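First to last, the protein sequences are chains A, B and C. Counting from 1, one number per residue, gives the positions in the first sequence under the UniProt record's numbering. Counting from 1, one number per residue, gives the positions in the second sequence under the UniProt record's numbering. Counting from 1, one number per residue, gives the positions in the third sequence under the UniProt record's numbering. To start, the structure under review is shown below, and the notes come after it.
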Amino acid sequence: MKPILLHEDRLFPADEATRSVARSLYQTVKDLPIISPHGHTDPRWFAYDDNFGNATELFILPDHYVFRMLYSQGISLESLGIRRWDGGATEGDPKKIWQIFADHYYLFAGTPSRMWLDTVFKNVFGLSDMLCSENAMDYYEFITAELSKEAYKPRALMDRFNIELIATTEGALDTLEHHRAMQGSGWEKRVITTFRPDDIVDASREDFAANVALLGEITGENTTDWAGYLAAIRQRRQTFREHGATATDHGHPTALTADLSKAECQALFDKCLSGNASAAEQELFRGQMLTELAGMSIEDGMVMQIHPGAFRNHNNDVFTKFGRDKGADIPMQTEYVNALKPLLDKYGNDPRLNIILFTLDETVYSRELAPLAGHYPCLKLGPAWWFHDSPEGMLRYRHQVTETAGLFNTVGFNDDTRAFLSIPARHDVARRIDCRFLANMVVEHRISEDEAASLIKQLSYDLAKKAYKLGQE
Amino acid sequence: MKPILLHEDRLFPADEATRSVARSLYQTVKDLPIISPHGHTDPRWFAYDDNFGNATELFILPDHYVFRMLYSQGISLESLGIRRWDGGATEGDPKKIWQIFADHYYLFAGTPSRMWLDTVFKNVFGLSDMLCSENAMDYYEFITAELSKEAYKPRALMDRFNIELIATTEGALDTLEHHRAMQGSGWEKRVITTFRPDDIVDASREDFAANVALLGEITGENTTDWAGYLAAIRQRRQTFREHGATATDHGHPTALTADLSKAECQALFDKCLSGNASAAEQELFRGQMLTELAGMSIEDGMVMQIHPGAFRNHNNDVFTKFGRDKGADIPMQTEYVNALKPLLDKYGNDPRLNIILFTLDETVYSRELAPLAGHYPCLKLGPAWWFHDSPEGMLRYRHQVTETAGLFNTVGFNDDTRAFLSIPARHDVARRIDCRFLANMVVEHRISEDEAASLIKQLSYDLAKKAYKLGQE
Amino acid sequence: MKPILLHEDRLFPADEATRSVARSLYQTVKDLPIISPHGHTDPRWFAYDDNFGNATELFILPDHYVFRMLYSQGISLESLGIRRWDGGATEGDPKKIWQIFADHYYLFAGTPSRMWLDTVFKNVFGLSDMLCSENAMDYYEFITAELSKEAYKPRALMDRFNIELIATTEGALDTLEHHRAMQGSGWEKRVITTFRPDDIVDASREDFAANVALLGEITGENTTDWAGYLAAIRQRRQTFREHGATATDHGHPTALTADLSKAECQALFDKCLSGNASAAEQELFRGQMLTELAGMSIEDGMVMQIHPGAFRNHNNDVFTKFGRDKGADIPMQTEYVNALKPLLDKYGNDPRLNIILFTLDETVYSRELAPLAGHYPCLKLGPAWWFHDSPEGMLRYRHQVTETAGLFNTVGFNDDTRAFLSIPARHDVARRIDCRFLANMVVEHRISEDEAASLIKQLSYDLAKKAYKLGQE
């Protein structure tokens, strides 16, 4: 068996002079509280503070990074216990699943998943041997036993992880019951929601009309009418605000925006509700809604996050059998300069608007996003996202964005995860890479070590609080 | 207050062995004369040699790199004294503007503007503390006082900066009066013009027909006729040649070229003049004109520069209030392989043709531009441009271009600036980065140190003179 | 005269700690046998073992990397002795051609060609001075004399180069006579063919209908009928299998695939045969054929290689005078996510299917290819290809692919060359760069040195054998 690598200098560059600066910078931020302003943890955990289940339930079943790699090497999703939509049989023994995972842990060499997992195994559970076939069952049993203890309950981990604040993400129709359950406990200040209205905005979904009808029921508005539909959304936003939301999130296929007349909006909305809209009309409706939602953000102060560019559920067979979020989302080329223009023409110079742009298409960093964020007062750049939330991805992001947008048009780190236990590991990778990036600038005499010390605190903590308006209320 | 960083090893890589080679190479080129074959300085300066105005007029008002960053952080262009087209009020006190700039100088950490400005402040003015809120007024007054001295007149600075030759850029309708004023003084050999006919070629401009009419007046040709229009352009080119021009420049939205019949050309030209051409027809006309202008380059020997890919004046509101060149130009994806084919089919193998290609879309470096320049005898690659005229941008350029195009299909550095005082700083950055790139190849045993010494002189001086035909006439 | 650089540490990174790890890793793989699973050597060489001709015939005339660079600098293809299709005169004296090459050898500084050539000159021929004008004739005569010796016959070089296996590439109509000539000699196990059916699949070729007719003659099938055409292809695949083929190769302009009904296929095939198909229909036909060929791969187990994205013969004039493969192929933007979907919808989860994807568009590494290969069990990624088969290109590939696809979804190295003597040099570059990449991960504590040692053997040898099914039959 091999030891888990978790060298104190991991991810710092080889050059000793640079590494030394990176190490010093890291010392100043490694223990800062974690701000997690965008992610997908379950509010239920923090509301009721129940223990997590076994190792397999925690580390494999919900982690599409993990099972996509295993699937790519010919391991069936059934054998990994991924639940089938169609009721087909899947492996039910969590130990067998864990063994498969351990047998193939070598596949993750060089991936961020490997570093996140090793960090959790060592830093959260105190394990010291790297996971492999031989120790798989010891691992499973040890982790599962630990998970049943007080110290591994969600709220205890929140404290242990030094997470000052975490934002979950809920759909527009969500009851927010788990957030409501936290009210008065103090935890509602540490666990806030985010308003994600894709379900009532994306007319390509089979359940769009039903969702809009439900939106009407929930709000008492006439959501068959364009004005009523907008009023209902405003009402939902207000409810989300009451549960701490400072931001909205929009996961559209593209960054298209539009600026139609009211009459055009009503007609397009009618067509979308009727189920007869073409794909292009559905896309136009999503684009119009981004502009409408920007207008609402100006009214209520919520920060917009736009996450475009994924071809969702690319694998038909996997989608049919297993449903969404099964590691089969693939990035597509994404254009921003023309796509965002209608929204920017309407609201781009309004000092009350705050939009954070993300991308899965790294080619736009230097070509489109940095120039846009380096000009428009309403635009900031979210961190390297999803497939690019990785050491190399983050380095490419900083190297390609900074010279044009500077550092103050970025917003710190998002872990964007449902893997709660990995949150400290993910923030740690981001802090290390930012230390490395700044150390490199110091050693090349582009910024001073003093400046770097000030900047690393911004990147690790301050910018996230400011961009997501988390400090001032 | 902090000192200005301007370490003698700045921009060299951290690794000591590589840095040492870079340092040695740099010693051999740092004092070479500057060839500035493409830029936007004002010929008036060199013709009449008047002193520049105050610090704000020199460093803030004309520098879109500076005010785009400030604007992106919520500082109004009005407060920066940018003149409004519509006559709206703007800040008139240059000291107040300078103070805002100084207060926000930290925003430029990690950007090329910061390095250029620091270099000017320290090397040109002898300042040693970094600009900040506290020393803003001292800075302003010191710089403004210095600017009124003999030693800061344009011609004195040309000598001090060791600029052997500088090319300005004038529109096709320009009177060239300032260049004419230099004739006989000897300065006309150091300050030459460049022919940029966008104003008479781009039919999407509101003033296109008026410009073509004025072209007719200036030349005595019938510019309502296709043949007369071309003859008029030839005549203007000849006039520019007489004022030193060895190159033309073309700032089109795309790299599209076309090769239409004469009858099609006349019909398209008529439609463009009538104001009824569609956007696609205007684009086709620009494309046809690139091919026509290539033909003229074969006749008169002028080198063509093609600078495509900017979405100009993306911010409607800023354009309406403040006009062009206000930091709101955003790069777009740009295609060359299909776009250039009509021109290349017609003239691509003519040994008399020289075209220098630029891009704002770094994805084409390795995919399109290096393969094109590594095959077609008429094509060379201009240096990293605009947003990519930066340490990281230049490194990406060299790393992505060299293996396919080699170094001899590139043309040295362009500063492309109207910020005259920053010219030495910009060439210095380029020389340092090229030293670094070559030093890296030396240390990796890909070229010898002797070769690197020969190559760095090419990159710093020889290639620019050769590519722009500046030495042999 | 300068010595040839061929430092034992070439291509290793400057940092001494990293270099030391790279050096150690390299020691473990530098002498591993070469697996060359995809290339364009001539089977004739290995079948009859005749000596090669002179230095010019061997190093200049067939190497488009060499003459494209010379041509780009204004040297005519005629003067390089490239044979004209139209019978026009070209230089016939190999010594004059060699002298031109030597005079311009400096142009290759920083290119992979320079490293490959220097390696051959020094390691294969024992030359120690770098090629230049002065030693050109000595070089020519020495090399040409050596080539006439026993030790320089193809089979002797195969042994000397330690090439365990090499795959050639033949068109679907090839007689495979040279492979047949090897049968029974033992050499048929070391020299295998690859099935490349572009000539009978690409309806945009002038000879498409004639080729399909010839296919019918060869196989006895009625190839005017869709079913007969497919049966004929199956038959040819079987014949190729009998000459060792384990893989097919497809050099389409794009990665488009399609999944039409049989009736649509017959109609489209008819139209393509008639010569009346539009460019879009020809493209659709190629796309349909990729899907058909994937189906056949499932049947017979051959691995599909898809090499899309070249604009072939971009230079009209060069094509007209000199024909194909004259250094005028230029990469184009290439899309995979939508293009491959029809094929993947049909066969993407079949465990019997193996597809290796290549690209000339590096922007898809992190955005499309790594996510696709990191999910679909049938997809693996071929190495950096053609213009990107270079130190920088390979580093970009590893850095952009590994975090999402891991290392086990890649397939080792392809030399893809017709330049037989350069094969060891090319594999050596690949091994060095992979050592460097892994060493960097070791020094950054992302993998252990033990893991790196295991991985470098995979990347240098094992993965190629496994991906191309070369070991188990």
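Every residue gets a Cβ at the ideal spot worked out from N, C-alpha and C, and that includes glycine. Computed from a prediction, not measured in an experiment: that's the story for all the values here.
Per DSSP, residue 483 (chain A) is paired with what? Outside the displayed range of chain A (1 to 473) lies residue 483 (chain A), so it cannot be described from this structure.
Specify the secondary structure class of L381 (chain B) as computed by DSSP and reduced to three states. Here L381 (chain B) sits in strand by DSSP.
Going by the beta-carbon positions, is the gap between L344 (chain C) and Y376 (chain C) smaller than 8 Å? For L344 (chain C) and Y376 (chain C), yes; Cβs fall inside 8 Å.
Can you look up L455 (chain A) in the DSSP assignment and give me helix, strand or coil? DSSP places L455 (chain A) within a helical segment (H, G or I) once states are collapsed to three.
If we count Cβ pairs, one from each stretch, closer than 8 Å, do we get three or more for the region 25-40 of chain B versus the region 414-424 of chain B? With the cut-off at 8 Å, the region 25-40 of chain B and the region 414-424 of chain B touch.
Using C-beta distances below 7 Å, list every residue in its chain close to N211 (chain A), excluding the 5 sequence neighbours before and after it, in chain order. Contacts found: L173, D199, I200.
Give me the chain B residues within the contact set of T111 (chain C), using Cβ-Cβ distance strictly less than 8 Å, ordered along the chain. Correct list: T402, E403, T404, G406.
So which residues of chain A does L5 (chain B) contact, with C-beta pairs closer than 8 Å? Here the neighbours are H445, R446, I447, S448.
Quick check on this structure: which residue in B:L165, B:T169, B:N354, B:T239 has the alpha carbon closest to the alpha carbon of D249 (chain B)? Residue B:T169 is the option with its Cα nearest to D249 (chain B).
Looking at C-alpha atoms only, which residue of B:L157, B:I143, B:R396 is the closest neighbour of D50 (chain B)? Each of B:L157, B:I143, B:R396 was checked against the Cα of D50 (chain B), and the nearest Cα belongs to B:L157.
Name the residues in the region 162-192 of chain A whose C-beta lies less than 7 Å from a C-beta of chain C; which are they? Using a CB distance below 7 Å, no part of the region 162-192 of chain A faces chain C.
Contacting positions in the region 65-81 of chain B - beta carbon closer than 8 Å to chain A: Taking 8 Å as the upper bound on Cβ-Cβ separation, chain A lies near residues R68, M69, Y71, S72, Q73, G74 of the region 65-81 of chain B.
Output the residue ranges of the alpha helix (DSSP H) runs that lie fully inside the region 67-117 of chain C and measure 4 residues or longer, sorted by chain position. Complete alpha helix (DSSP H) runs here, min 4: 94-103.
In angstroms with no decimal places, state the Cα-to-Cα distance between I35 (chain B) and V120 (chain A). Going by the C-alpha atoms only, they are around 57 Å apart.
Where the beta strand (DSSP E) containing H250 (chain A) begins and where it ends: Segment 247-250, the beta strand (DSSP E) holding H250 (chain A).
With distances taken from CA atoms, which of B:K380, B:A464, B:R426, B:R432 is nearest F161 (chain B)? Ranking the options by Cα distance to F161 (chain B), first place goes to B:R426.
For T18 (chain C), would you say it is in contact with chain A, using Cβ-to-Cβ distances shorter than 8 Å as the test? Yes - at least one Cβ of chain A is within 8 Å of the one on T18 (chain C).
To the nearest angstrom, how far is the alpha carbon of F46 (chain C) from that of A167 (chain C)? Going by the C-alpha atoms only, they are around 11 Å apart.
Straight-line CA distance for L147 (chain C) to S128 (chain C)? Their backbone Cα atoms lie some 17 Å apart in a straight line.
Note down, in chain order, every chain B residue with its Cβ under 7 Å from the Cβ of F311 (chain C). When 7 Å is used as the limit between beta carbons, F311 (chain C) is near these residues of chain B: V337, in chain order.
With DSSP run on the structure shown, which of helix, strand or coil describes P154 (chain C)? Looking at P154 (chain C) - three-state DSSP - the assignment turns out to be helix.
For E242 (chain A) and Q266 (chain A), the rounded distance between their alpha carbons: Approximately 29 Å, taken between the alpha carbons.
Pull up the CB-CB distance for W98 (chain C) and A55 (chain C), whole angstroms please, since I reckon it's below 8 Å. Approximately 6 Å separates the beta-carbon atoms of W98 (chain C) and A55 (chain C); this is inside 8 Å, confirming the contact.
Would DSSP call R190 (chain C) helix, strand or coil? In this structure, R190 (chain C) counts as coil in the three-state DSSP scheme.
Whole-number beta carbon distance between F101 (chain B) and I60 (chain B), since they are thought to touch under 8 Å: F101 (chain B) and I60 (chain B) do touch by the CB rule: their CB atoms are close to 6 Å apart, below 8 Å.
Is the region 245-264 of chain A touching the region 277-292 of chain A, taking contact as three or more C-beta pairs under 8 Å? Yes, the region 245-264 of chain A touches the region 277-292 of chain A.
Checking the sheet assignment: what are the DSSP bridge partners for F195 (chain A)? As DSSP reads the structure, F195 (chain A) sits in a beta bridge with A:E170, A:T248.
Let me see if you follow: with CB-CB separation under 8 Å, is G393 (chain C) close to chain B or not? At a cut-off of 8 Å between C-beta atoms, G393 (chain C) counts as an interface residue with respect to chain B.
Would you mind telling me which residues of chain C sit closer than 7 Å to D15 (chain B), beta carbon to beta carbon, in chain order? Those within 7 Å of D15 (chain B) in chain C are A14, D15.
Would you please verify whether the beta carbon of R426 (chain A) is less than 8 Å from any beta carbon of chain C? Between R426 (chain A) and chain C, the shortest Cβ-Cβ separation is not below 8 Å.
Residue range of the alpha helix (DSSP H) that includes I357 (chain A): A small fix is needed here, since residue 357 (chain A) is Leu in this sequence, not Ile. Unbroken run through L357 (chain A) is the beta strand (DSSP E), 355-357; no alpha helix (DSSP H).
With a cut-off of 8 Å on the beta carbons, I'd call I433 (chain C) and M441 (chain C) a contact; round off their distance for me. Not confirmed; about 13 Å, so no contact.
Please report the distance separating the alpha-carbon of A14 (chain C) from that of A14 (chain A). A14 (chain C) and A14 (chain A): Cα-Cα distance of roughly 10 Å.
Could you have a look at D329 (chain C) and say whether DSSP puts it in helix, strand or coil? Of the three classes helix, strand and coil, the one that applies to D329 (chain C) here is coil, per DSSP.
Beta-carbon contacts of K326 (chain A) that lie in its chain and below 6 Å, excluding the five residues immediately before and after: Counting only Cβ-Cβ distances below 6 Å, and skipping sequence neighbours, we find V318.
Is it a yes or a no for the region 344-355 of chain A touching the region 344-361 of chain C, going by three-plus beta-carbon pairs under 8 Å? They do not touch, by the three-pair rule.
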